[in-house]
Amino acid sequence: MSFTHPRLLNRGVALVTSAAKGAGRAIALRLASEGFKVAVHDLPHNGELLLNVHRNIQRLGQHSVVLAADITEEDQVKSLVEDTYKCLGGLDVMVANTAVRESAPLISTTAEAWNRLFDVNARGVFFCYKYAAQQMISEGKGGRIIGGCSAWGKKGLLTIISQSAYSASHFAVRGLTESAALELHEHGITVNSYAPGWIPLLFQVFPLLMMTSNIHCRPNHPTYRYYQLIGSIPSASTIRNGKPRLICSVRHE
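For the sequence shown, position 143 (counting from the first letter as 1) is numbered 143 according to full-length UniProt numbering, and the numbering increases by one without interruption.
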């Protein structure tokens, strides 16, 4: 078995949004390790974390560029794609990973919360798909467009907290992804999404452990009731949440 250092590979150019931490960071580093030049994006206030990802990509022997933008603003997403092309020479993979979560029961969800969820989770992904597709079509090489969805975008779930609006925003991503895949097939562009469960960040781990350790002894808890409905009530020792690195562990050739 032989191994080629990533700096000797050139599998193309990838753009990953919200790459400063969590799933985006793991995806960006995995793509770099697989031989891609990677443009990493996030909001300006995550600049230091994003620079750290950028440096780690360079240590892998790959080219990288740091870009800041608000993906809810169409002109900024257009510039994000254009800057990726100018700095790295093309665009072969777009990972629209940006999403926000706001949780509240349906009857108390505000219009402002609804709009924010759809602005980021659906509108932002739409802009990423749109301008990535335009760029890929203009290059004529095909490409891969990948959107961040959620388990809540595949099935409405009653878990620890109510997430009707959040779920609806990710159902929009799922519909957009399936339709875009049909539209862009003729250009050699595939469109897919990944739909993980809860991928906790560091600041969420402790409260998560506190909640899950008590679920098995709280029969009135929504999560307990959910598992009761599907016929499987886990003990605290069997509950396992996802990790960012698991999202980027599914290979697609």
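Even for Gly, the Cβ is constructed at its ideal location relative to N, Cα and C.
How many Å lie between residue i and residue j at the Cα?
i, j, result
"R123", "R116", "10 Å"
"A68", "T84", "11 Å"
"F126", "Q163", "21 Å"
"T72", "G61", "32 Å"
"S169", "K130", "18 Å"
"L106", "A113", "11 Å"
"S150", "I27", "16 Å"
"residue 255", "H63", "With the chain running from 1 to 253 in the structure shown, residue 255 is simply not present."
"D70", "K78", "11 Å"
Please classify residue i: does DSSP put it in a helix, a strand, or coil?
i, result
"A122", "helix"
"R144", "strand"
"D83", "helix"
"K78", "helix"
"Q163", "strand"
"S64", "strand"
"I71", "coil"
"T98", "coil"
"S18", "coil"
Give every residue of the same chain whose Cβ lies closer than 6 Å to the Cβ of residue i, excluding the five residues on either side of it in the sequence, and list them in chain order.
i, result
"G24", "V16, S18 and N97"
"L229", "Note on L229: pLDDT 43, under 50, position unreliable in the model; no value is reported."
"G142", "G188 and I189"
"R101", "Y166"
Keeping to the same chain, check which residues put their C-beta closer than 7 Å to that of residue i; ignore five residues upstream and five downstream.
i, result
"V66", "V40, L50, L51 and H54"
"E74", "F127"
With 16 as the cutoff for other CB atoms within 10 Å, does residue i come out buried or exposed?
i, result
"T110", "exposed"
"N121", "buried"
**Asked** Any contact of the segment 134-142 with the segment 96-110, i.e. 3+ C-beta pairs under 8 Å?
**Response** Segments in contact, no.
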